[in-house]
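Single-structure report; data block below.
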Amino acid sequence: MRKTESFSLNRRAQSVRFAWRGLVAASRSEHNAWIHGGATVLVLAAGLGLRLSAGEWALLVVAMAGVWAAEAFNTAIEVLGDAVASDDHPLVGRAKDVAAGGVLVAAVGAAAVGLLVLVPRALRVLGRS
853 MRKTESFSLN
863 RRAQSVRFAW
873 RGLVAASRSE
883 HNAWIHGGAT
893 VLVLAAGLGL
903 RLSAGEWALL
913 VVAMAGVWAA
923 EAFNTAIEVL
933 GDAVASDDHP
943 LVGRAKDVAA
953 GGVLVAAVGA
963 AAVGLLVLVP
973 RALRVLGRS
């Protein structure tokens, strides 16, 4: 059994730096992350313009975070798969496909949340004009 290290703020800060470095690397190298980034910017702009409630923001933030987390896990699986098998290995390919499917589920769910939150609000704002 491994001995648990004592809590250290420096180690926690280092963990956050490593995590941030991973997100930056994924954002720079993954084309789908660029799409998620564009969608995130559009949703944030629409939310600010439509003056969403705290509850509406919470729904959107959870949906967007789910997509970004799924994309990060997918990227990690792809990188590990490439490191393990430089040639096309059927199990590595299947793992990559399943991970990509997870991103698709998260993205479709986030799009549904976005439509359910933003469209009614936009219609109310446009109706007042």
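Numbering of the sequence shown is given in this note's numbering, commencing with residue 853 and proceeding in unit increments. Every residue, glycine too, gets a C-beta built ideally from N, C-alpha and C.
Assigned exposure category for residue i - 16 Cβ within 10 Å defines buried
| i | result |
| --- | --- |
| Gly907 | exposed |
| Leu900 | exposed |
| Ala924 | buried |
| Asn862 | exposed |
| Ala928 | exposed |
| Leu932 | exposed |
| Leu894 | exposed |
| His883 | exposed |
Which of helix, strand or coil DSSP assigns to residue i
| i | result |
| --- | --- |
| Phe859 | coil |
| Ser938 | coil |
| Arg999 | No answer is possible for residue 999: the residues shown for the chain start at 853 and end at 981. |
| Ser905 | coil |
| Arg973 | helix |
| Asp854 | The question names Asp, but residue 854 in the sequence shown is Arg. Looking at Arg854 - three-state DSSP - the assignment turns out to be coil, as it is neither helix nor strand. |
Supposed close pair residue i, residue j - CB separation, criterion 8 Å
| i | j | result |
| --- | --- | --- |
| Ala915 | Gly966 | 7 Å |
| Asn926 | Val955 | 5 Å |
| Leu902 | Val977 | 6 Å |
| Val919 | Ala974 | Incorrect: roughly 21 Å between the Cβ atoms, too far for contact. |
| Gly889 | Ser879 | 7 Å |
Residue interval of the alpha helix (DSSP H) (run including residue i)
| i | result |
| --- | --- |
| Leu894 | 883-902 |
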